[in-house]
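Colleague: What follows is a single structure, and I will ask about it in a moment.
In mature numbering (1 follows the signal peptide of the UniProt record, and there is no 0), the protein residues as written are -28 to -1, 1 to 1001.
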């Protein structure tokens, strides 16, 4: 039963109690500010709903009491919110905890959160996020620090769905005294009642306290098995609030005779966190051994010193992230992109640790297991409940700018722009306090000019006394590549005055202030305890620098920056790496050379063997003058996506012998589409790369393609010269060949063709940034002796996987291609090891090579989040992926074993703890939980049937089923208006609306036809009334 808000408003007002008045003022002695199960709807009298018609009380759904708050997409708008504001007369401490249960069903596709629970006050917001479009009730909880003296805060529920439904229940907001933060609630969140078992079932890992048993529906030997376990919530159900320890995880395969065999398993980057709920929260990946009838998964919560990484790279080829050996030093990486961070002694051991905040996967902690003088970090992990919480991320800084003893405020201000292609200017506003009022003034230079920062779409602002004169200075980062310090010179009348300085990095001779990265985020603190403020800084790539202050009074002088290093963890380059496996130093094994968004080149040297690689920490390659490579679009004023990306190099690399001298050069393509090469002036064993980057030419003009377009390079016709396949400016695939007389000159341009004789055209969006985005490699994928193309493409262009393949059905001398999605065991191949939300979104970067020495091509994939994953060829073979289904969750204490969960008998609260029991490697739309039987089901979800149409409205269709969709046609009154090939299926494109004024008032018929790869079509239509006059 559903009760609408409007019809029950009178009743709800009568039921409202003093625990929450219409203004939501809470009594000073109250510690719990909200404890709402929506069973009677008392709280709703104090809430605001937008739009009101989307919200209701559902008395048939809920996990606590007899109701829940329901929000449904109306088919028109893609956003709805509900909010309630609290006034705190006496807030206990500066810590608060927000928790609640969220369920979703059939919500439209969105790469970001579907539902958010936020708590915000002046200058800050904390968020809990549900990313799943279809999930049982899942518990979300977050404890956070609020500014001292907080007197008002707002709880908001945000729903981002034009279709589908979400339910919210058991909302609880409370202030928490600091000593209680780490304590578990007195009552189990999941109402678990453990049952002692008569035997331990032959507990195979006695050192580990937790076990999940289960089996797969396909026991084929060698098949890649993925099992996703939501460790944070499973451990909470078991009475444990520490995160899982990745190093503890062990899997045993159990045969039909009960024999148990240790099974290598990869657990590269566990996302699971109570504050967020993802599509995949903690995916274990392994290869099924011969004779496995079932599996036992053992694990432990982390110890007091924090979670530890797995021992090293397993080289399984089941889609796992490449990792370092647990002791291998490599540059510390806290997440992509580096949005915000804080250096603080989180664990109380006397040295500084580092929090990464609002990165991929939320908040992470890097624990310093060295010292401040010799820092050494563990790879990022979830924090312990005993760790100090990060400070609130405020939009302003409180300080005394003018030294009058009264607090002022400082904030960074961005000026509006008409579109993303234009420069976004920024400045700094100091709100000087005069007579109890704050007066905003822009910071000026000593000669009276306002201080302005171009390219400020991303910015960071911190304050500290950097020049040791006793006054607070400002540290500023923007979307550019340099770091600013504004030294405080007081006020001139009522104008705040500062001198603008840059902090030198010393990497580039022509500009020592350039960092080689962009979007810098500084954090000031006395790192080494010498009484002077140092700077720790990160940037878009997520690596770190430390600038030590020399302590010269009245002057800004720093020692040369040093990098922070961690031991172990995943291989990371930067945003969108383009890895290439090649024997760079001619020692008989394959190293990795990678370009990336940062415009630099990184080398991961293999010190292992050809089939069991072991990589050294990545290093940035330098030219023969000692400078790191740094390709960008500054001289052009930006990329096709504007000035804000002028330092995004989007570099791709293909190591090849360009000039025929027997060593490896590097072919590059960048953010401007320039295809060039870097000559190796050293030897095959000791490469030296020239600073002089050289062009390829066609028709006396440098070769330029659409941006983000890695060429496919190989000798196709066996003449000893390289052939290049690239996209041209019409988005057609073309081939060039090297001249026999000059390796820089390309000739014999010809358009490639498909098997049906048509030009090999790649469909792209029409806006400038939508062009290109096409990264390919050349290899004989199917073993027929002919070279094929393996291509990384963005999923949002495809509506399927994010890789395609062009099989050569012609010859190498005259290739002809059959082009389609790359398939893996009956579904689209999708790269799932990126990060929450961005999985399967941006272009993947493939590299084909034989890593296991079996003579068949395998696949490396660079992901948008900077990491690299490995797939063996047999990952793609077979009809389906095995589905792991959990049976029981047990706990061992001494010689006693307790049953925590029987996954066959779950409650409304515990259903969300189950494994998803679908083929995790497939797109959700391909999984059984989304299928509607054979064929396709198509629905028009916007506009909503029954409403009268006027103005501009979204025209949206949803498609579910178990077939490959090749196109969705939209019709209005029998006339086809457009075809969409990618989900979500929105007429005219994702952000566009249909103007109903384009049709006459009266009856209107909307029809949608879905075409599938097997030649079938499915359609639906709905009638509407249009009234604009």
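Cβ coordinates follow ideal geometry from the N, Cα and C atoms, glycine included.
Provide the residue(s) that pair with residue 733 in DSSP beta bridges, ordered along the chain.
Modeller: In the DSSP output, where bridge partners are listed per residue, residue 733 has 704.
Colleague: Measure the Cβ-Cβ separation of residue 452 and residue 619 and say whether it is below 8 Å.
Modeller: yes
Colleague: Keeping to the same chain, check which residues put their C-beta closer than 7 Å to that of residue 868; ignore five residues upstream and five downstream.
Modeller: 168
Colleague: In the stretch 462 to 504, which residue ranges form an unbroken beta strand (DSSP E) of at least 3 residues, counting only runs that do not cross its ends?
Modeller: 467 to 474, 493 to 497
Colleague: When we look at the beta-carbon of residue -6 and count the other beta-carbons within 10 Å, is it buried (16 or more) or exposed?
Modeller: At residue -6, the pLDDT of 40 sits below 50, so the modelled position is not reliable and the matter cannot be decided from this model.
Colleague: Does the distance from the CB of residue 777 to the CB of residue 761 come in under 8 Å?
Modeller: Remark: C-beta atoms of residue 777 and residue 761 approach each other more closely than 8 Å.
Colleague: Once DSSP output is grouped into helix, strand and coil, what is the label at residue 968?
Modeller: helix
Colleague: Is residue 882 closer than 8 Å to residue 98 when the C-beta atoms are compared?
Modeller: no
Colleague: So for residue 615, helix, strand or coil by DSSP?
Modeller: helix
Colleague: What's the call for residue 231, buried or exposed, on a 16-neighbour Cβ count within 10 Å?
Modeller: With a 10 Å radius around the Cβ and a threshold of 16 neighbouring Cβ atoms, residue 231 comes out exposed.
Colleague: Between residue 470 and residue 461, what straight-line distance do the alpha-carbon atoms span, to the nearest angstrom?
Modeller: 5 Å
Colleague: Who are residue 411's beta bridge partners in DSSP?
Modeller: 404
Colleague: What distance in whole Å lies between the Cβ atoms of residue 425 and residue 450, which are believed to be in contact at a cut-off of 8 Å?
Modeller: 5 Å
Colleague: Applying the 10 Å Cβ sphere with the 16-neighbour rule, what's the burial state of residue 713?
Modeller: exposed
Colleague: Once you ignore the five residues that flank residue 629 on each side, which residues in its own chain have a CB closer than 7 Å to its CB?
Modeller: Closer than 7 Å at Cβ, skipping near neighbours: 635, 636, 637.
Colleague: Apart from the five residues on each side of it in sequence, which residues of its chain come closer than 7 Å, Cβ to Cβ, to residue 659?
Modeller: 556, 635, 636, 652
Colleague: Rounded to the nearest angstrom, how far is the Cβ of residue 27 from that of residue 54, given a contact under 8 Å?
Modeller: Sure, about 6 Å apart at Cβ, within 8 Å.
Colleague: Below 8 Å, how does it come out for the stretch 329 to 341 and the stretch 523 to 533: are there three or more Cβ pairs, yes or no?
Modeller: no
Colleague: So what's residue 205 in DSSP terms, helix, strand or just coil?
Modeller: helix
Colleague: When you compare each of 952, 741, 249 to residue 984 by their alpha carbons, which one comes out closest?
Modeller: 952
Colleague: What do you reckon, are the CB atoms on residue 398 and residue 379 nearer than 8 Å?
Modeller: No, they are not a contact pair.
Colleague: Considering only residues of the same chain and omitting the five flanking positions on each side of residue 44, which have a CB-CB separation below 7 Å?
Modeller: 26, 137
Colleague: Alpha carbon to alpha carbon, how far is residue 728 from residue 196? Give it in angstroms, no decimals.
Modeller: Residue 196 and residue 728 have their alpha carbons spaced roughly 35 Å apart.
Colleague: DSSP puts residue 859 in a beta bridge; with which residues?
Modeller: Bridge pairing for residue 859: absent [DSSP].
Colleague: Which value, in whole angstroms, describes the spacing of the CA atoms of residue 530 and residue 775?
Modeller: 46 Å
Colleague: How many Å lie between residue 387 and residue 395 at the Cα?
Modeller: 9 Å
Colleague: Please go through the stretch 97 to 123 and give each complete beta strand (DSSP E) segment of 3 or more residues, from N-terminal end onward.
Modeller: 107 to 117
Colleague: Can you look up residue 1090 in the DSSP assignment and give me helix, strand or coil?
Modeller: Since the first and last residues shown for the chain are -28 and 1001, residue 1090 lies out of range.
Colleague: In its own chain, which residues sit with a C-beta less than 6 Å from the C-beta of residue 1020, not counting the 5 before and 5 after it?
Modeller: In the structure as shown, the chain begins at -28 and stops at 1001. Residue 1020 is therefore absent and cannot be evaluated.
Colleague: Please name the residue, chosen from 220, 274, 200, that lies closest to residue 1009 on a Cα-to-Cα basis.
Modeller: Nothing in the structure corresponds to residue 1009, since the chain is present only between -28 and 1001.
Colleague: When you compare each of 929, 516, 446 to residue 505 by their alpha carbons, which one comes out closest?
Modeller: 446
Colleague: Give the range of the beta strand (DSSP E) segment to which residue 371 is assigned.
Modeller: For residue 371, the enclosing beta strand (DSSP E) has its first and last residue at 369 to 371.
Colleague: When burial is assigned at 16 or more other CB atoms within 10 Å of the CB, is residue 975 buried or exposed?
Modeller: Classified as exposed, residue 975 has fewer than 16 neighbouring CB atoms from the shown chains inside 10 Å of its CB.
Colleague: Any idea what DSSP makes of residue 800, helix, strand or coil?
Modeller: strand
Colleague: Answer yes or no: do residue 210 and residue 863 have a C-beta to C-beta separation smaller than 8 Å?
Modeller: yes
Colleague: Under a three-way DSSP split, which group does residue 7 fall into?
Modeller: strand
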